[in-house]
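Engineer:
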Amino acid sequence: MKRKLVFATNNKHKLEEITAIVGDKIEILSLNDIACHDDIPETADTFEGNALQKARYVKEKYEYDCFADDTGLLVEALHGEPGVYSARYAGEPANSERNIDKLLFNLGDNTNRKASFVTCIALILGGKEHLFYGEIAGRIIEERRGTSGFGYDSVFVPEGYEETFAQMGEEEKNKISHRAKAVKKLSEFLNTL
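Numbering (this note's numbering), first residue to last: 5 to 197.
1. Is it right to say A98 is buried, meaning 16 or more other beta carbons lie within 10 angstroms of its own, or is it exposed?
2. Taking the CB atoms as reference points, tell me whether H182 and T123 lie closer together than 8 Å.
3. Report the three-state DSSP secondary structure of A72 (helix, strand or coil).
4. Give me whichever residues DSSP pairs with G87 in a beta bridge.
5. I'd like the list of long-range same chain contacts for T23, defined as Cβ closer than 6 Å, with 5 residues on each side in sequence excluded.
6. Assuming A119 contacts F160 under a Cβ cut-off of 8 Å, what Cβ separation, rounded to an integer in Å, is found between them?
7. Going by DSSP in three states, K132 sits in which element: helix, strand or coil?
8. Report yes if the C-beta distance between C70 and I128 is below 8 Å; otherwise report no.
9. Could you have a look at I140 and say whether DSSP puts it in helix, strand or coil?
10. Would you tell me roughly how many angstroms separate the C-alpha atoms of R102 and L108, rounded to the nearest one?
11. How would you write the range of the alpha helix (DSSP H) that F51 sits in, first residue to last?
12. Given a cut-off of 8 Å on the beta-carbon distance, is the pair A39 and A59 in contact?
13. Classify D74: buried if its beta carbon has 16 or more other beta carbons within 10 angstroms, exposed otherwise.
14. Could you tell me the boundaries of the alpha helix (DSSP H) in which L19 lies?
15. Counting only runs of 3+ residues fully inside the region 148 to 191, write out the beta strand (DSSP E) ranges in chain order.
16. Within 10 angstroms of its Cβ, does L197 collect 16 or more other Cβ (buried), or is it exposed?
17. Suppose the cutoff is 7 Å on Cβ atoms and the five residues either side in sequence are ignored; what does the same chain contact list for R143 look like?
18. Give the DSSP-derived three-state secondary structure of R7 in the structure shown.
19. Quick one: using the 10 Å Cβ neighbour count with 16 as the cut-off for buried, is K185 buried or exposed?
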């Protein structure tokens, strides 16, 4: 029988990305699939803290084994901003275009464009907590390029590439992304059970 795990998100892009990486070994349920329409708090000041907070919430309230992620963009010249506030960098309501506008404005003509995407996945399985990490280095370009992806994908060029995540397409991005690295570690762990 296929293992079922709740992924504590309703973000369609994240669900598609993770399902593509994990494949059909595990049935991944969204929050919507378990009738969770709560606004799960993310009040920690670290990626680990936020991921654990979301996974614990689902486990305690809905009693499902669960995993949750927290992902953010760290920009060296901005001392790690937007960090854990990446999704709401420009304030509420969360809006990727406004977040990118604020990021590019804050970077201005700074020549240090180094950045990295970081993902932490917290898994609660059988009452035990596990953490998995993924990171990819790159740089922020001066203007948007590409139309696929979401978040900061149109201004982030991974190290060793000339295209942004938004120009790559999902299949290529899923081979190298920060989330892909963390999900692969999660998937490898689940395959050992």
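Backbone N, C-alpha and C define an ideal beta-carbon position, used for all residues, glycine too.
All figures in this text were calculated on a predicted structure; none of them were measured in a lab.
Structural biologist: The short version:
1. Within a 10 Å sphere around the beta-carbon of A98 sit fewer than 16 other beta-carbons, which makes this residue exposed.
2. In this structure, T123 lies closer than 8 Å to H182 by Cβ.
3. Looking at A72 - three-state DSSP - the assignment turns out to be strand.
4. When beta bridges are read from the DSSP output, G87 appears opposite L77.
5. Excluding positions up to five away in sequence, the list reads I32.
6. Confirmed, Cβ separation roughly 7 Å.
7. Here K132 sits in strand by DSSP.
8. Cβ atoms of C70 and I128: closer than 8 Å.
9. Of the three classes helix, strand and coil, the one that applies to I140 here is strand, per DSSP.
10. Whole-angstrom Cα-Cα distance: 10 Å.
11. Counting along the chain, the alpha helix (DSSP H) containing F51 begins and ends at F51 to Y66.
12. Cβ atoms of A39 and A59: not closer than 8 Å.
13. With 16 or more Cβ atoms within 10 Å of its Cβ, D74 is classed as buried.
14. Where L19 is concerned, the enclosing alpha helix (DSSP H) stretches over K16 to V26.
15. List check, beta strand (DSSP E) in window: 160 to 162.
16. With fewer than 16 other CB atoms across the displayed protein chains lying within 10 angstroms of its CB, L197 is exposed.
17. Take R143, set aside five residues on each side of it, and the residues of its chain with a beta-carbon closer than 7 Å to its own are R117, K118, A119 and V161, in chain order.
18. Under the three-state reduction of DSSP output, R7 falls in the strand class.
19. Looking at its Cβ environment, which holds 16 or more other Cβ atoms inside 10 Å, K185 is buried.
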